[in-house]
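Below is one structure, written out as structure tokens, with a few remarks after it.
Residue numbers (my numbering): 80 to 231.
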């Protein structure tokens with residue numbers, strides 16, 4: 080994949096986000112970190128243990144608490160990952176509306192890409208030069224550069 084000079088590259092998953100800028104040229108990217116954000120997101124069972132009204136006698140039987148079920152059926156870990164992706168998309172929206180980038184490449188797992196797309200402003204969509212459906216958040220910058228070069 081060609082990565083234009085000064086292109087904005089976002090590498091994200093449901094809990095980590097890297098905003099990178101290509102200081103190199105289209106065929107030899109030189110990604111520089113502009114922003115990094117990591118969110119703590121404990122396992123679902125850990126998040127569900129501190130729910131208000133946790134005693135069964137305080138819950139309304141059959142109450143529709145979340146996504147067609149009750150608190151026991153809600154995947155709080157996934158909900159938090161989706162919220163993080165929405166927050167990432169909002170940052171991209173603001174940067175696009177401020178003309179902070181002309182070209183955007185997003186690298187994320189398929190589920191995160193899907194959640195990001197739900198929240199893109201038209202300005203982000205218009206600047207989107209490519210997407211790679213891989214989780215590269217645990218990779219080094221040189222490994223991310225190589226993955227971009229190798230992508231079709």
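Using N, Cα and C, we set each Cβ at its ideal position, and we do this for glycine too. Here the structure is a predicted model, which means the values were calculated and not measured.
Taking all protein chains shown into account, do 16 or more other C-beta atoms lie within 10 angstroms of the C-beta of residue 101, making it buried, or fewer, making it exposed? buried
Which two residues bound the contiguous alpha helix (DSSP H) that contains residue 103? Looking at the DSSP string, residue 103 is not in any alpha helix (DSSP H), and its letter there is neither H nor E.
Considering only C-alpha positions, which residue in the set 193, 97 and 103 is nearest to residue 114? 97
For residue 104, does the count of other Cβ atoms within 10 angstroms reach 16, so buried, or fall short, so exposed? exposed
Provide the residue(s) that pair with residue 183 in DSSP beta bridges, ordered along the chain. 87 and 207
What are the boundary residues of the beta strand (DSSP E) that residue 222 is part of? Note, residue 222: premise wrong, no beta strand (DSSP E); alpha helix (DSSP H) at 220-229.
Close-in-space but distant-in-sequence residues of the same chain around residue 160 (CB under 6 Å, 5 per side omitted): 93
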